[in-house]
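Each residue of the sequence shown is one higher than the one before, starting from 1264 at the first, in our numbering.
Every residue gets a Cβ at the ideal spot worked out from N, C-alpha and C, and that includes glycine.
Keep in mind it's a predicted model, so treat the numbers as computed, not measured.
To start, the structure under review is shown below, and the notes come after it.
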Amino acid sequence: QKALKLYQKAVKLENNVAQYSLAKMYLDGDGVNKNNFMVFELSKELAKKGYSVGINGLGYCYDFGVGTYVNKEKAVELYQKAAKLGNSIAQYNVAWMYEYGKGIKKDVTQAIYWYKKSAEQGYKFSQNKL
């Protein structure tokens, strides 16, 4: 409960990290009831600010239907945007979408490119893919 109150206070002060942490709490049900609508809304606000973690999070919402409908094409678009901003997790996500042809035409060359970009930043899941 204390973490929740602190995150909510920090969100009011426009702290992006706190806002992401709050969205993650709602996603996982960590100290709060799970609330997919809040995950989606908080991620959408972060994405509007251009915060790569929020853009990737919004992509996740569309990818898996968290607080919204499943839209793989929209997920890819958001993952690509965050990936181009240097977000290693988004780079992994867009690589995976290319590898399996989810929401975008399958393209192994692009998948490898994005896995490498992510792996270069130390993201273990991408390193394991290569």
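Between the alpha carbons of GLY1322 and LYS1272 lies a gap of roughly 26 Å.
Looking only at GLU1308, LYS1347, LYS1287 and ALA1310, the smallest Cα-Cα distance to ASN1299 is reached by LYS1287. With a beta-carbon spacing of about 7 Å, GLY1320 and LEU1309 fall inside the 8 Å limit used to define contacts. Its chain contains ASN1319, TYR1342, ALA1345 and ALA1346 as the residues whose beta carbon lies nearer than 6 Å to that of ALA1353, once the 5 sequence neighbours on both sides are disregarded; these appear in chain order. If you ignore the 5 residues before and after PHE1388, its C-beta comes within less than 7 Å of the C-beta of TYR1355, all in its own chain and listed in chain order. Along the length of the stretch 1292 to 1365, whole alpha helix (DSSP H) runs at least 4 residues long occupy 1299 to 1311, 1315 to 1327, 1335 to 1347 and 1351 to 1363, reported in chain order. In the DSSP assignment, GLN1384 falls outside any alpha helix (DSSP H), carrying neither H nor E.
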